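Asks: First residue of the sequence shown: 1, per full-length UniProt numbering; consecutive thereafter. What follows is a structure written as structure tokens; I'll ask about it next.
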Amino acid sequence: MAVLALAVVPGSAAADTRAGDTVVVAENETVDGLTAFGGAVVVHGTVDGDVTALGGTVVVYGTVTGDVTALGGTVEIDDGAVVRGDLTAAGGTVTIAGRVGGDVNAAADTVTLTDTAVVAGTLSYDGDLVSAPGATVEGGVVQGTGGFGPLPAIPDWVGAVSGVLSTLVVGALLVAVLPRFTDRVADAAVDAPGRAALVAVGFLVGVPLLLILVAFTLIGIPVTILGVVAYAVLLTVGFVAGNYALGRYILSIREMENRWLALLVGVLLVGVLDLAPLVGALVQLAVFLVGVGALVRALVGAYRARRGGDGDADATPSNGPAA
């Protein structure tokens with residue numbers, strides 16, 4: 001997919017890097033390559049090299065002598081614009097009204113070629129294609145995977161097994177490295193699952209909004225990247241902790257205490273239930289929300305304990321199951 005390609009296409013080391021609410025290459029301006037992050041990225045002038053752009057709107061009115069890689073809500077190569085290399089674009093809408101000298105790989109809800117569009121290479125696209133009668137694609141049109149080749153069919157059970165194994169691996173690391181903290185997360189999940197789920201909803205909504213706001217500050221891009229990574233890690237750990245909490249609760253009904261067995265029981269139970277279409281989705285959602293919320297509550301509690309001078313908070317034995 002084109003979106004995946006964007007993640008692995010680095011900007012040129014010599015490229016001009018810009019970030020802000022609106023990033024503009026002025027009409028009479030020439031830059032040696034461009035890497036841009038902004039609410040809007042607009043090229044009126046000339047980019048002598050490649051363009052890599054991430055923005056709500058990415059528009060090229062001028063000339064790019066190299067390739068253009070763009071991710072945005074709207075990506076547009078305007079009438080009169082020239083991209084001499086390839087265009088790789090992903091967005092809600094991708095519109096080509098100018099000339100692209102190489103191939104076009106586009107993934108969007110709608111890919112539009114106006115009657116002034118000229119693509120010298122091949123157009124490969126995902127989504128709905130709207131092509132005006134006057135549009136020219138010299139290399140032909142290919143539909144399916146945005147030009148990155150057909151994806152092999154993978155049996156459903158492969159995804160289920162890999163999900164169970166990866167959850168077990170992450171859970172084993174948590175239990176081995178942070179056993180008492182993992183127990184505190186499970187306690188928060190079991191003791192107040194509704195409260196944990198509400199905390200998770202607030203966390204899931206609030207953190208992305210905060211990261212978006214931070215992205216538009218002067219130091220926002222590096223901080224936002226680190227924040228996204230930390231956010232993804234917390235969501236992953238939260239889901240795994242939710243599996244562990246479920247297993248621990250089930251064992252407590254039988255008056256059994258064993259961290260490793262609790263992890264195995266919780267992960268296998270969630271994995272098996274996931275095979276049931278509706279029930280599996282509901283269980284996954286519940287485990288995810290409760291686990292993430294419990295993790296956030298445990299982290300906040302640990303932070304407050306340290307702020308309060310309780311340096312031994314992490315060493316306090318829990319009432320959780322013994323290893």
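Here a beta-carbon is modelled for each residue, glycine too, at the ideal position from N, C-alpha and C. These figures come from a predicted structure and were not determined experimentally.
#1: Quick one: measure Cβ to Cβ for residue 66 and residue 81, integer angstroms, because I've assumed they're closer than 8 Å.
#2: Among the candidates 215, 225 and 243, whose CA atom is the shortest distance from the CA of residue 193?
#3: Per the contact definition of three or more C-beta pairs closer than 8 Å, is the stretch 288-306 in contact with the stretch 268-279?
#4: Taking residue 71 as the reference, give the member of 100, 79, 38 and 17 with the closest Cα.
#5: Comparing C-alpha positions only, which one of 104, 180 and 178 sits nearest to residue 89?
#6: Relative to the alpha-carbon of residue 169, which residue among 182, 257 and 240 has its alpha-carbon at the smallest distance?
#7: Quick check on residue 61: does DSSP put it in helix, strand or coil?
#8: Using the three-state DSSP reduction, which class does residue 14 fall into: helix, strand or coil?
#9: Between the Cα of residue 330 and those of 93, 131, 106 and 123, spot the shortest distance and give me the residue it belongs to.
#10: For chain B, find out if any of its Cβ atoms is closer than 8 Å to the Cβ of residue 44; answer yes or no.
#11: Comparing the CB of residue 261 with every heavy atom of the ligand SAM, is any distance shorter than 7 Å?
#12: Shortest alpha-carbon distance to residue 69 belongs to which of 56, 76, 52 and 77?
#13: I'd like to check one pair, residue 121 with residue 98: are the Cβ atoms closer than 8 Å?
#14: Let's see if you can read the secondary structure: which residues bound the beta strand (DSSP E) around residue 107?
#15: What are the boundary residues of the alpha helix (DSSP H) that residue 236 is part of?
#16: What residues in its chain sit with their C-beta under 6 Å from that of residue 10, if we drop five residues either side in the sequence?
#17: Looking only at DSSP bridge pairs, what is residue 123 linked to?
#18: I'd like the span of the beta strand (DSSP E) that includes residue 72, first residue to last.
#19: Hey, quick one: how far does the alpha helix (DSSP H) through residue 203 stretch, first residue to last?
#20: Quick one: Cα of residue 228 to Cα of residue 134, how far?
#21: Determine the contact status of residue 100 and residue 83, defining contact as a CB-CB distance below 8 Å.
#22: What's the C-alpha gap between residue 262 and residue 280?
#23: Hey, could you find the ends of the alpha helix (DSSP H) residue 264 is sitting in?
#24: To which residues of the same chain is residue 129 closer than 6 Å at the C-beta, ignoring the five residues directly before and after it?
#25: Measure from the alpha carbon of residue 138 to the alpha carbon of each residue in 126, 118 and 144, then state which is nearest.
#26: I think residue 200 touches residue 87, with their Cβ atoms under 8 Å apart; what is that distance to the nearest whole Å?
#27: Identify whether residue 44 lies in helix, strand or coil by the three-state DSSP scheme.
#28: Determine the closest residue to residue 325 out of 27, 231, 191 and 166, with distance taken between C-alpha atoms.
#29: Would you kindly check if the distance between the Cβ of residue 205 and the Cβ of residue 214 is under 8 Å?
#30: What does the alpha-carbon distance come out to for the pair residue 259 and residue 76?
#31: Which partner residues of residue 34 appear in the DSSP bridge assignment?
Replies: Short version:
#1: Between residue 81 and residue 66 the Cβ distance is about 14 Å, and since that is not below 8 Å, they are no contact.
#2: 243
#3: no
#4: 38
#5: 104
#6: 240
#7: coil
#8: Residue placement at residue 14 is poorly supported in this model, since its pLDDT is 48, which falls under 50; the coordinates still yield a value, given next. Residue state, collapsed to three classes: coil.
#9: The structure shown has nothing for residue 330, since the chain only spans 1 to 323.
#10: Note that chain B does not occur in the displayed structure, where there is just one protein chain.
#11: As far as ligands go, the structure on display features none, and thus does not contain the ligand SAM.
#12: 52
#13: no
#14: 104-113
#15: 220-253
#16: Residue placement at residue 10 is flagged as unreliable, the pLDDT there being 41, under the threshold of 50; a coordinate-derived value is accordingly withheld.
#17: 104 and 141
#18: 68-77
#19: 193-215
#20: 43 Å
#21: yes
#22: 19 Å
#23: 259-273
#24: 111
#25: 118
#26: About 40 Å separates the two Cβ atoms, so there is no contact after all.
#27: coil
#28: Lying before the first or after the last residue shown, residue 325 is absent from the chain, which here runs from 1 to 323.
#29: no
#30: 54 Å
#31: 16 and 51
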